[in-house]
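Q: Below is a structure I'd like to ask you about.
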Amino acid sequence: MALSPLTDSDIEAVLPGLAGWSRQGDHLRAEFVFPNFKAALAFMVEVGEEAERLNHHPEWSNVYNRVTVGLTTHDAGGLTSLDFELAQAMNSAAERHRSS
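Letter by letter, the sequence shown follows residues 2 to 101 in my numbering.
Pasting the structure below:
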């Protein structure tokens, strides 16, 4: 099933409810900061499992305790509901790993 990109108005309606994320063109962007490298890595492993489940993989990088993320649905040519679903899962995972 192919996903269609969201309209600008759809994105503008949903984005305010997604703490820490901003839109940059056809990407959602966020940076997560953790207490240490171990917590950042644990976050990436957990999110990696969710990304596999969704078959939707982030563009991300890690430097010590920071994980920088970009989300887009390349096949759809823009942002889709999958990007927002994975972003929400990332926010939830980040909360768990910031306090561990």
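Idealized CB from N, CA, C, for every residue including glycine.
Between V15 and the ligand GTP, is the CB less than 7 Å from at least one heavy atom?
A: Looking for the ligand GTP in the displayed structure turns up nothing, as the structure carries no ligands at all.
Q: Any idea if D84 is buried or exposed, counting beta-carbon neighbours within 10 angstroms, 16 or more meaning buried?
A: Against the sequence shown, residue 84 aligns to sequence position 83. D84 is buried by the Cβ-count criterion.
Q: Should the region 53-65 be called in touch with the region 6-13, which here means at least 3 C-beta pairs below 8 Å?
A: Contact between the region 53-65 and the region 6-13 is absent, because fewer than three Cβ pairs lie under 8 Å.
Q: Does the beta-carbon of F38 have 16 or more other beta-carbons within 10 angstroms, so that it is buried, or is it exposed?
A: Sequence index remark: in the sequence shown, residue 38 carries index 37 (1-based). Classification of F38: exposed, given that the 10 Å Cβ count is below 16.
Q: From G26, L55, L42 and A43, pick the residue whose C-alpha is nearest to that of A88; which is it?
A: As a first step, residue 88 must be located in the sequence shown, where it is residue number 87. It is L55.
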